[in-house]
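J.: The structure's right below; bear with me while I get my questions together.
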Amino acid sequence: MIDQIIIKGYRCFEKLEFKPNPGLNVIVGDNESGKSTLLEAIALALTGKINGRWAAEELNPFWFYRQGVLDFFKASKDGSPVAAPELLIELYLSGEIDAFQRLRGVHNSRQLDCPGVLFRVHPAADYRVEFNAYMEGNPPKVLPVEYYEVDWRDFGDDRLTKRPRELATSYIDSRTIRSTSGVDYHTREMLSEHLDEHERVRISLAHRQSRQRITDETLDPINERIRRDSADLHHNPIGLQMDLSARTSWETGIVPQVADIPFAMSGQGQQAAIKVSLAMSRTAGTSTFVLIEEPENHLSYTSLTQLVARVQTLATDDQQLFVCTHSSFVLNRLGVDRLVLLHRGVAARLSALDNETVGYFRRLPGYDTLRLAIGAKIVLVEGPSDGIIFERAFKDLSGKLPSEQGIDVISMGGLTFRRALDVCSALEREAIAIQDNDGRAPEEIRAGLSDLLVDGRRELFVGALEGGWTLEPQLLNANSETSLRRILGVSEQANVERWMERNKTECALRILDADESITMPAYIKEAVAFLL
0 MIDQIIIKGY RCFEKLEFKP NPGLNVIVGD NESGKSTLLE AIALALTGKI NGRWAAEELN
60 PFWFYRQGVL DFFKASKDGS PVAAPELLIE LYLSGEIDAF QRLRGVHNSR QLDCPGVLFR
120 VHPAADYRVE FNAYMEGNPP KVLPVEYYEV DWRDFGDDRL TKRPRELATS YIDSRTIRST
180 SGVDYHTREM LSEHLDEHER VRISLAHRQS RQRITDETLD PINERIRRDS ADLHHNPIGL
240 QMDLSARTSW ETGIVPQVAD IPFAMSGQGQ QAAIKVSLAM SRTAGTSTFV LIEEPENHLS
300 YTSLTQLVAR VQTLATDDQQ LFVCTHSSFV LNRLGVDRLV LLHRGVAARL SALDNETVGY
360 FRRLPGYDTL RLAIGAKIVL VEGPSDGIIF ERAFKDLSGK LPSEQGIDVI SMGGLTFRRA
420 LDVCSALERE AIAIQDNDGR APEEIRAGLS DLLVDGRREL FVGALEGGWT LEPQLLNANS
480 ETSLRRILGV SEQANVERWM ERNKTECALR ILDADESITM PAYIKEAVAF LL
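Counting with numbering that gives the first Met the number 0, you get residues 0 to 531 for the letters of the sequence shown.
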C-alpha cells in the first residue's frame, strides 16, 4: 500500500505531503482544491500514463505549478535566474509487502530505504543549450516542454518503461461515459473464463464464414459493377471484399452488453456503476490501487446506495482505494473517519474520530457532512428558524448576508452539536454553535463541550436563562410585544409567544423580510460579533 505521497510543482500543488489510509480514502474539498489532480498524480506515478497515453506524449506546460513558472520567468527577466521549474511525484510503498521489495531503494527526496516509485519531469541535459537560448530570447511565460524529459523510476533508481505488475491500478472516471480499461479487461476475462478452445475455434470459423458470405453474396453484384466501370483503369479486376486478415479477428468485434444493449449505448448511470464495479471486481483479493472519480455521477439514490455498498465490501486494508466525491451520502456511508480533506495545498485526515461518531454519521447518510468538512467558517444552529434569524442579525450588523462573507450557516436538523463539533475539531475548522438553553444553565452546557471548544476558533453561544428557554421567548424578551406583533402581523387576539412557537419558520421569515429593525438577543449578537 502507499504509505506516503509527496507531490511538488504539479498543477495546483506547490507541495503536498500526506499519509493516506491503508485501505479507503474518501477525498473531499472545495472546487479547484486539487481532488482530481491528486488522483491524476497517483495514477501518473503508478502507471506512467495519463488519459490512457504515455506521459511523454501528453506533456504540456500546464502540468507545472503556475505560480512557480511565473516566478521563474520573473527572476530570469530580473537577471537573478533560479532553477527551472520541475515536477515530482513520489509514492512511498509499504516495506512490509514482499511484492514491493524489488522497488526498494534510497533514491527519493527523503533518502529513505523503502520501496517506492517516482515520476519526475525536468529540463533535459541534452537540450541545456537550447533551453538557455530560449530563455535569453525574452519568451512568453510558457515553459518549453520540448526541452524537458520524463523520468519514471523506482526507488532503486531503475528506469521504468511499463507499469510494474505489483502496481495493478484501475482509474475510473464516472463523470464520463467513455469505456475504460475496466470494461475492456472484463471482456477479455469473459472470453477466457467462459470459452474453451473448441468453442473459440468454432466462433472464429463462423466469423470468417460470415464475412466471406458477405463478400460472395452482398458484395458480388457491387463488384461486378465496379469491374465494368473500372475496366479501362487496370487490367486486373478491381472490387471489394470483407477483411479476413488476423487484425480483424472476431475478438476485436465483441463488446460487453447490458440487457441486450451494447455497453456504450446503455445509460450513463448504468455505465458509471458498471465501470466502478468491474474495476473493483477485477482487483478483488489482490494488492492493488483503485482510483474512483465521483462515483455518484448519473446515479439515482437507490443505485448509488448499491454501488457504495459494493465499495464498502472491498474497502479493506489489503486494497487501497482513493475516492473523490462531492456527495455527503458517499462520505457518510463509506465513513467520515476515512475522509481526506484538501484545502490550500494541505491534506487533513479524520482518522482521529472515534467509532461512535463514525457510526453516527453512517446512520445519517443524508446529512450534509461535506459542509462541515469544507466550510471555511461554520455556524451551527439548531433548526432552520434559528439560521434565518442569525442571517438577519448578521446582515443588520455587517450589511451583508453570511454567505456573502464565506460563512456557512448549517442547520443541525436533530444532529447533536457534539458530533458536528467533533468533525470541526478534527479538521481544525473555525466554527461557532448557537443553542437554546432548554432550561439549563449556559455554563453547564458549555462545560459538556469544553473539550471541543477553542478560544478564538470554536465557541458556543447559549441564551441566558432569564431570557427564556428557546429562541422565541428570547426574541420577545429583547423586544416589545407591540413591535413584534406589528412585524409578524399577529392579531390582537392571538398570543404572540404561542404564535411564534407554533409558526417558527414563518416567524423567522417575516423577521428576515421586515423593514422595521429588531433587537436581537444578546447571545445572537455576541455570535455575530465573534465572526466580524
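Beta carbons: idealized from backbone N, C-alpha and C, even for Gly.
1. For D97 and P21, I'd like the C-alpha separation in whole angstroms.
2. Under a three-way DSSP split, which group does N476 fall into?
3. By the three-class DSSP mapping on this structure, what secondary structure does F118 have?
4. Report yes if the CB atom of S410 is closer than 8 Å to the CB atom of G382, and no otherwise.
5. Report the option in A513, V380, V489 and E496 whose CA atom is closest to the CA atom of L459.
6. Please work out which residues of its chain come closer than 7 Å, Cβ to Cβ, to V335, disregarding the five sequence neighbours upstream and downstream, and give them in chain order.
7. Measure from the alpha carbon of H325 to the alpha carbon of each residue in S384, I5, A392 and S32, then state which is nearest.
8. Taking DSSP as the reference, what is the three-state secondary structure of F130?
9. Taking only three categories from DSSP, how would you classify Q434?
10. Do the CB positions of K140 and F61 come within less than 8 Å of each other?
11. Can at least three beta-carbon pairs, one atom from the segment 75 to 88 and one from the segment 22 to 29, be found at a separation below 8 Å?
12. Could you have a look at G252 and say whether DSSP puts it in helix, strand or coil?
13. Taking the continuous alpha helix (DSSP H) assigned at R428, which residues delimit it?
14. Does DSSP put S410 in a helix, in a strand, or in coil?
15. Only counting the same chain, and skipping five residues up and downstream in sequence, which positions put a Cβ closer than 7 Å to that of V144?
16. Going straight from the alpha carbon of L530 to that of G47, what length do you get?
17. Relative to the ligand FAD, is the shortest distance from any of its heavy atoms to the C-beta of Q319 smaller than 7 Å?
18. Kindly indicate the opening and closing residues of the alpha helix (DSSP H) around W468.
19. Going by DSSP, what residues sit across from V25 in a beta bridge?
20. Going by DSSP in three states, Y170 sits in which element: helix, strand or coil?
21. Check whether the segment 395 to 403 touches the segment 447 to 459, taking contact to mean three or more Cβ pairs, one atom from each stretch, closer than 8 Å.
22. Can you have a look at D242 and say buried or exposed, based on whether 16 or more other CB atoms are within 10 angstroms of its CB?
23. Locate the alpha helix (DSSP H) running through G564, then write down its first and last residues.
24. Taking K34 as the reference, give the member of Y9, W53, L45 and R52 with the closest Cα.
25. Would you mind giving the Cβ-Cβ distance between L426 and L340, rounded to the nearest angstrom? I have them listed as a contact below 8 Å.
26. Which residue wins for smallest C-alpha separation from G344, given the options F12, D2 and I4?
27. Taking 7 Å as the limit between beta carbons, can you name the residues of its chain near Q100, skipping five residues before and five after?
28. So what's Q3 in DSSP terms, helix, strand or just coil?
29. If you follow the alpha helix (DSSP H) that A347 is part of, which residue opens it and which one closes it?
30. If I388 sits next to L464, beta carbons under 8 Å apart, how far is it from one beta carbon to the other, in whole angstroms?
31. Restricting to Cα atoms, I'd like to know which of R158, K161, V120 and S75 is closest to P138.
32. What does a CB cutoff of less than 6 Å around L218 pick up in its chain, not counting 5 residues either side in sequence?
33. Which of the three DSSP states is assigned to G104 in this structure?
T.: Taking the coordinates as given:
1. Start at 1 with the first residue of the sequence shown, and residue 97 comes out as number 98. Start at 1 with the first residue of the sequence shown, and residue 21 comes out as number 22. Note on geometry: alpha-carbon atoms of D97 and P21 lie some 16 Å from one another.
2. Here the question's residue 476 lines up with position 477 in the sequence shown. Helix.
3. Within the sequence shown, residue 118 is the residue found at index 119, counting from 1. F118 falls in the strand class under three-state DSSP.
4. Taking the first residue of the sequence shown as 1, we reach residue 410 at position 411. Taking the first residue of the sequence shown as 1, we reach residue 382 at position 383. Their beta carbons are under 8 Å apart, which means S410 touches G382 by this criterion.
5. The count along the sequence shown starts at 1 and reaches residue 459 at position 460. The candidate whose alpha carbon is nearest that of L459 is V380.
6. Translated into positions along the sequence shown, residue 335 becomes position 336. The answer, listed in chain order, is L349, L352, V357, F360, T368 and V422.
7. As a first step, residue 325 must be located in the sequence shown, where it is residue number 326. Residue S32 is the option with its Cα nearest to H325.
8. Counted from its first residue, the sequence shown places residue 130 at position 131. Helix at F130.
9. In the sequence shown, the residue the question calls residue 434 occupies position 435. Correct three-state label for Q434: strand.
10. Taking the sequence shown and counting its residues from 1, one reaches residue 140 at position 141. Taking the sequence shown and counting its residues from 1, one reaches residue 61 at position 62. At least 8 Å separates the beta-carbon of K140 from that of F61.
11. Segments in contact, no.
12. Against the sequence shown, residue 252 aligns to sequence position 253. Helix.
13. Position 429 of the sequence shown holds residue 428. R428 -> no alpha helix (DSSP H), and no H or E assigned at all.
14. Here residue 410 is taken as the residue at index 411 of the sequence shown, counted from 1. DSSP, reduced to helix, strand and coil, places S410 within a strand of the structure shown.
15. Position 145 of the sequence shown, counted from the first residue, corresponds to residue 144. Only L58, N59 and P60 meet the Cβ criterion.
16. Along the sequence shown, read from residue 1 onward, the residue named residue 530 stands at position 531. Along the sequence shown, read from residue 1 onward, the residue named residue 47 stands at position 48. Taking the straight line joining both Cα atoms gives about 47 Å.
17. Only the bare structure without any ligand can be found here, which leaves the ligand FAD out of the picture.
18. Taking the sequence shown and counting its residues from 1, one reaches residue 468 at position 469. For W468, there is no enclosing alpha helix (DSSP H), as DSSP gives it neither H nor E.
19. Within the sequence shown, the letter at position 26 stands for residue 25. BP columns for V25 point to V322 and L338.
20. In the sequence shown, counting from the first residue as 1, residue 170 sits at position 171. Here Y170 sits in strand by DSSP.
21. No, because fewer than three Cβ pairs between the segment 395 to 403 and the segment 447 to 459 fall closer than 8 Å, the two stretches do not touch.
22. In the sequence shown, the residue the question calls residue 242 occupies position 243. With fewer than 16 Cβ atoms within 10 Å of its Cβ, D242 is classed as exposed.
23. Nothing about residue 564 can be reported from this structure: the residues present for the chain run from 0 to 531 only.
24. What you label residue 34 is simply residue 35 of the sequence shown in a count that begins at 1. The candidate whose alpha carbon is nearest that of K34 is Y9.
25. In the sequence shown, counting from the first residue as 1, residue 426 sits at position 427. In the sequence shown, counting from the first residue as 1, residue 340 sits at position 341. Indeed they touch by this definition, with Cβ atoms about 6 Å apart.
26. Position 345 of the sequence shown holds residue 344. Residue nearest to G344 within the set F12, D2 and I4 is F12 (criterion: CA-CA distance).
27. On the sequence shown, residue 100 is found 101 positions in, with the first residue counted as 1. These residues qualify, in order along the chain: P114.
28. Looking up residue 3 in the sequence shown gives position 4. In the displayed model, Q3 falls within a strand according to three-state DSSP.
29. For the purposes of this step, residue 347 is identified with residue 348 of the sequence shown, where counting begins at 1. No alpha helix (DSSP H) holds A347; the beta strand (DSSP E) holding it covers V345 to R348.
30. In the sequence shown, the residue the question calls residue 388 occupies position 389. In the sequence shown, the residue the question calls residue 464 occupies position 465. The Cβ separation is near 19 Å, so there is no contact.
31. Within the sequence shown, numbered from 1, the residue matching residue 138 stands at position 139. P138 has its Cα closest to that of S75, out of R158, K161, V120 and S75.
32. To locate residue 218, count along the sequence shown from 1; it is residue 219. Exclusion of the five residues before and after L218 leaves L239 as the residues of its chain whose Cβ lies within less than 6 Å of its Cβ.
33. Taking the first residue of the sequence shown as 1, we reach residue 104 at position 105. In the structure shown, G104 adopts extended strand secondary structure according to DSSP, grouped into three states.
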